[in-house]
Amino acid sequence: MEKIVEQGLLYDFYGQLLTAHQQKIYEQAVYENLSYNEIAEQEGISRQAVHDLIRRTTALMQRYENRLGMIRRFRSLRDAADDLCEAADAAGSLEELAERARGIADRIRKDLS
């Protein structure tokens with residue numbers, strides 16, 4: 066399940082950088098959950114070609130992530146937002162909330178640098 070989620074995130078962030086053919090095959094495999102054999106039959110290519118395309122496409126999007134870090138930043142910002150909500154719920158005073166919010170804001174600024 067975790068692999069599917071990771072593939073979905075990669076595609077959500079970097080799918081538009083793929084060719085139309087790569088997008089179509091990847092969507093069939095990941096989102097429509099078609100087997101490589103089913104995709105091969107529909108596309109008139111071999112199962113091995115589908116397998117290779119999915120593997121290469123995933124590797125390409127992973128390289129984009131390694132260079133650009135958009136998913137890492139997204140996760141970091143999401144975690145910071147969660148931390149802000151927790152701080153608001155747990156704060157005993159406005160001063161405590163302000164201090165925790167400043168710390169989280171500093172963490173966000175650092176991540177965006």
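If you read the sequence shown in this note's numbering, its first letter stands for residue 66, the second for the next number, and so on.
The beta carbon of each residue, even a glycine, is placed where N, CA and C say it ideally should be.
Because the structure is a prediction, the values reported are computed rather than measured.
message: Am I right that L83 and Y96 are in contact with their C-beta atoms under 8 Å? What's the rounded C-beta distance?
response: Their Cβ separation, rounded to whole angstroms, is 14 Å, which puts L83 and Y96 out of contact at 8 Å.
- prompt: Alpha carbon to alpha carbon, how far is K175 from G109?
  reply: 49 Å
- prompt: What number of angstroms, rounded off, separates the C-alpha of A145 from the C-alpha of A105?
  reply: 43 Å
message: Output needed for H116: all residues of its chain with C-beta closer than 7 Å, excluding positions within five of it in sequence on either side, in chain order.
response: Y101
message: Does the contact criterion of 3 or more C-beta pairs under 8 Å hold for the region 155 to 166 versus the region 114 to 129?
response: no
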